[in-house]
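So for the sequence shown, this note's numbering puts the first residue at 9; every next one is plus one. Glycine included, every Cβ here is placed at the ideal spot set by N, Cα and C.
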Amino acid sequence: MDKIVECVPNFSEGRDKEIIGKIADSVRAVEGAKLLDVDPGEATNRTVFTFVGTPEGIKEAAFQAIKTGSELIDMREHEGEHARMGACDVCPFVPVGGVDIDDCVRISREVGKRVAEELNIPIYLYEHSRTKPDRKNLAVIRKGEYEGLKEKLKDPHWQPDFGKAEFNPKSGATAMGCRDFLIAYNINLNTRNKKLAHDIALNIREKGRILRNEDGVPLKDENGKYKRDDGGFKGVKAVGWYIDEYDKAQISMNITNYKASPIHKIFEYVEKDAIKHGLRVTGSELVGLIPKEPIVWAGRYFLEKQHLDEDQYISAGVGERELVKMAIDTMGLDEVAPFDVNEKIIEYTLAEEDQLRKMTVIDFADELSSDSPAPGGGSVAALSGTLAAGLSAMVANLSTKKLTFRQISEAKKKKREELNDLAFKAQQIKDKLLTLIDEDTKAFEKFMAANRLSEDTEEEKEHKEKVLQDAIRKSIEVPLETMRQSFEAIKCAKVVAEKGMKNAMSDAGVSAITGLTAVKSAMFNVKINLPGIKNEEEKEKYLQEANKILENANKLGIKIENLVNKNLG
Numbered sequence: 009m010d011k012i013v014e015c016v017p018n019f020s021e022g023r024d025k026e027i028i029g030k031i032a033d034s035v036r037a038v039e040g041a042k043l044l045d046v047d048p049g050e051a052t053n054r055t056v057f058t059f060v061g062t063p064e065g066i067k068e069a070a071f072q073a074i075k076t077g078s079e080l081i082d083m084r085e086h087e088g089e090h091a092r093m094g095a096c097d098v099c100p101f102v103p104v105g106g107v108d109i110d111d112c113v114r115i116s117r118e119v120g121k122r123v124a125e126e127l128n129i130p131i132y133l134y135e136h137s138r139t140k141p142d143r144k145n146l147a148v149i150r151k152g153e154y155e156g157l158k159e160k161l162k163d164p165h166w167q168p169d170f171g172k173a174e175f176n177p178k179s180g181a182t183a184m185g186c187r188d189f190l191i192a193y194n195i196n197l198n199t200r201n202k203k204l205a206h207d208i209a210l211n212i213r214e215k216g217r218i219l220r221n222e223d224g225v226p227l228k229d230e231n232g233k234y235k236r237d238d239g240g241f242k243g244v245k246a247v248g249w250y251i252d253e254y255d256k257a258q259i260s261m262n263i264t265n266y267k268a269s270p271i272h273k274i275f276e277y278v279e280k281d282a283i284k285h286g287l288r289v290t291g292s293e294l295v296g297l298i299p300k301e302p303i304v305w306a307g308r309y310f311l312e313k314q315h316l317d318e319d320q321y322i323s324a325g326v327g328e329r330e331l332v333k334m335a336i337d338t339m340g341l342d343e344v345a346p347f348d349v350n351e352k353i354i355e356y357t358l359a360e361e362d363q364l365r366k367m368t369v370i371d372f373a374d375e376l377s378s379d380s381p382a383p384g385g386g387s388v389a390a391l392s393g394t395l396a397a398g399l400s401a402m403v404a405n406l407s408t409k410k411l412t413f414r415q416i417s418e419a420k421k422k423k424r425e426e427l428n429d430l431a432f433k434a435q436q437i438k439d440k441l442l443t444l445i446d447e448d449t450k451a452f453e454k455f456m457a458a459n460r461l462s463e464d465t466e467e468e469k470e471h472k473e474k475v476l477q478d479a480i481r482k483s484i485e486v487p488l489e490t491m492r493q494s495f496e497a498i499k500c501a502k503v504v505a506e507k508g509m510k511n512a513m514s515d516a517g518v519s520a521i522t523g524l525t526a527v528k529s530a531m532f533n534v535k536i537n538l539p540g541i542k543n544e545e546e547k548e549k550y551l552q553e554a555n556k557i558l559e560n561a562n563k564l565g566i567k568i569e570n571l572v573n574k575n576l577g
């Protein structure tokens, strides 16, 4: 999935396994959504569901879950320790990858409007989706809970954002909105002293520590509130405690803004502060799941730190999995339990087991040569582009590695940085093309499924035509994206052919002609699907872009081939 949204609805039922199971099944039944976790609480009589998916998939899954919950949960009979005001008490949407807060705000409002209109449940928007300043905090919206909701709805200020201001005795009301992703992260120390751990925690939390006078008495301002220092990392709540299970103290934190406060920066700060306290960091752990982005950032950061020694200069143009491993190793994320990336990183949990790109070369070749029509030429085109980008990254990495001695000239330093950046870019292109190997086969399967739809009635015919057109568009857009990315791979080949080490000149040439093969091959897949598009203007737009890429790729490919042949003699 290029765009991933997380949804974490809380339902007011934590005891009836049948009801909980049916809500879970309603999520599982939605294409484009994947249920990751179901966490029921008997005392709170509340269950937290966690699922991720595409924007469209997540919208449908959230609605179906709320619909199922409204049918099975009766708030008139609900009791529990947790504050609540509805069958689905709160439904947050969280940006994970390829989407931002604005996207999730739109999703929350679209789902909220549909729930209000179709299920007659009042909706209050909170956090980033709020329409009024005092609706940011969920606790404020939920004040009075279910029992006070009937009177609350009579107050003009507490009119719902969607739906009528009418009390729904069975389902209550739901708070819905977009919030930031929350990372639960703990750092382990070589001590049992929780006071020392908490002292470090006070230095990193956003709230900061209370200021005191010389006698240790807390200072207050003119309003009677405690004075605090400037605080630490934005969006970080932290506490120090002792964990009997691990027999050591931990700094436990919730990070609500990992972009402003990256985990690697927090880890590095705690390492330094621990030394000041006479302690050492022994490792860390992530509770729950984490998006791929902050882990990759951490890996790249720690890898780039190794560039400080000119004799040991390491290129940053390495693969994603290697960066993830670097982050795990450096921060000791597997100290207390194995860190399985396929269970801890959200994007990896969504990966299908039967992905073509996970096959061995032998298995892929065998699958390709079978009597099945997929994988076919489109997947081979994407694979060719992948190899082209990978070769360019290799040449760039080898070239930067060669330029690692002291007393290097400024010109060579500049070349090294340029090649280093190129290696990073080529890795990104490679990773994108890897996904297109599978996307092309999925597009073909979607087209075949559309063709199998019934068309016995006019309504079925219209539906089939719509689904078929969408499938054909996808069958064009995937190879077109392969053309775009493969052309970028050829551009990378040009740079390494001109500035890379001479001993790898032949590899740069292979990269260029393999990338050109990918562009030409993908063009065939664009052309064969174009006749199926009914809209002539849309068809022409696709064709013009594809022709332009092919023309430019041919020119650049020939130029690089001539350059390589000239240098090879």
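Thinking C-alpha only, which one of the options is nearest residue i?
{"i": "I480", "options": "K450, A70, K202, Y132", "result": "K450"}
{"i": "I263", "options": "D188, D229, M339", "result": "D188"}
{"i": "K172", "options": "I129, G385, G286", "result": "I129"}
{"i": "F59", "options": "L44, A51, G65", "result": "L44"}
{"i": "H206", "options": "R220, H471, K245, A526", "result": "K245"}
{"i": "D342", "options": "G156, T62, Y193", "result": "Y193"}
{"i": "K542", "options": "T443, V475, A526", "result": "V475"}
{"i": "A434", "options": "G240, V504, M491", "result": "V504"}
{"i": "E330", "options": "K158, V304, G65", "result": "V304"}
{"i": "G398", "options": "E425, M261, A431", "result": "A431"}
{"i": "C592", "options": "P103, I208, K202, D252", "result": "No answer is possible for residue 592: the residues shown for the chain start at 9 and end at 577."}
{"i": "M531", "options": "F71, R220, S494", "result": "S494"}
{"i": "A401", "options": "K160, A497, E447", "result": "A497"}
{"i": "A396", "options": "D374, W249, A526", "result": "A526"}
{"i": "G180", "options": "K160, K144, G65", "result": "K160"}
{"i": "E485", "options": "A91, E553, N221", "result": "E553"}
Please classify residue i: does DSSP put it in a helix, a strand, or coil?
{"i": "I541", "result": "coil"}
{"i": "T449", "result": "helix"}
{"i": "G523", "result": "helix"}
{"i": "P487", "result": "helix"}
{"i": "K11", "result": "coil"}
{"i": "Y234", "result": "strand"}
{"i": "V35", "result": "helix"}
{"i": "K228", "result": "strand"}
{"i": "K242", "result": "coil"}
{"i": "P302", "result": "helix"}
{"i": "G49", "result": "strand"}
{"i": "R220", "result": "strand"}
{"i": "I66", "result": "helix"}
{"i": "D319", "result": "With a pLDDT of only 48 at D319, under the threshold of 50, the placement of this residue in the model should not be trusted, and no figure is reported."}
{"i": "I369", "result": "Contrary to the premise, residue 369 reads as Val rather than Ile in this sequence. In this structure, V369 counts as helix in the three-state DSSP scheme."}
{"i": "Y550", "result": "helix"}
{"i": "D337", "result": "helix"}
{"i": "M531", "result": "helix"}
{"i": "F275", "result": "helix"}
{"i": "D342", "result": "coil"}
{"i": "R414", "result": "Confidence at R414 is low in this model, with a pLDDT of 49, below 50, so its placement is unreliable and the value that follows should be read with caution. In this structure, R414 counts as coil in the three-state DSSP scheme."}
{"i": "V326", "result": "coil"}
{"i": "N573", "result": "helix"}
{"i": "D111", "result": "helix"}
To the nearest whole angstrom, what separates the beta carbons of residue i and residue j, a pair I think is in contact under 8 Å?
{"i": "C112", "j": "I74", "result": "About 17 Å separates the two Cβ atoms, so there is no contact after all."}
{"i": "F19", "j": "T52", "result": "Their Cβ separation, rounded to whole angstroms, is 11 Å, which puts F19 and T52 out of contact at 8 Å."}
{"i": "R365", "j": "I259", "result": "Not quite, the Cβ-Cβ distance comes to about 38 Å (not below 8 Å), so this is no contact."}
{"i": "G243", "j": "G291", "result": "G243 to G291, Cβ: 23 Å. No contact."}
{"i": "Y132", "j": "I149", "result": "5 Å"}
{"i": "G105", "j": "I191", "result": "Contact doesn't hold; Cβ gap of about 14 Å is too wide."}
{"i": "N201", "j": "A282", "result": "Going by Cβ atoms, the distance from N201 to A282 rounds to 12 Å, so no, they are not a contact pair."}
{"i": "D169", "j": "G94", "result": "Going by Cβ atoms, the distance from D169 to G94 rounds to 14 Å, so no, they are not a contact pair."}
{"i": "R369", "j": "A516", "result": "In the sequence under discussion, the amino acid at residue 369 is Val, which differs from the Arg named in the question. With 8 Å as the limit, V369 and A516 do not qualify as a contact, their Cβ atoms being about 23 Å apart."}
{"i": "G327", "j": "N533", "result": "Incorrect: roughly 27 Å between the Cβ atoms, too far for contact."}
{"i": "T62", "j": "G77", "result": "Not really, about 22 Å apart at Cβ, beyond 8 Å."}
{"i": "V38", "j": "E14", "result": "With 8 Å as the limit, V38 and E14 do not qualify as a contact, their Cβ atoms being about 14 Å apart."}
{"i": "G232", "j": "R213", "result": "Their Cβ separation, rounded to whole angstroms, is 22 Å, which puts G232 and R213 out of contact at 8 Å."}
Since residue i sits in a beta bridge, which residues does DSSP pair it with?
{"i": "N18", "result": "V56, V98"}
{"i": "N194", "result": "S260, E293"}
{"i": "L43", "result": "F59"}
{"i": "Y250", "result": "A257"}
{"i": "P103", "result": "V13"}
{"i": "I353", "result": "I298"}
*In chain order, which continuous runs of the alpha helix (DSSP H) of length 4 or greater are located wholly inside the stretch 423–475?*
none
*Which ranges would you report for the beta strand (DSSP E) in the stretch 124–209 if only whole runs of at least 3 residues count?*
131–135, 182–186, 191–197
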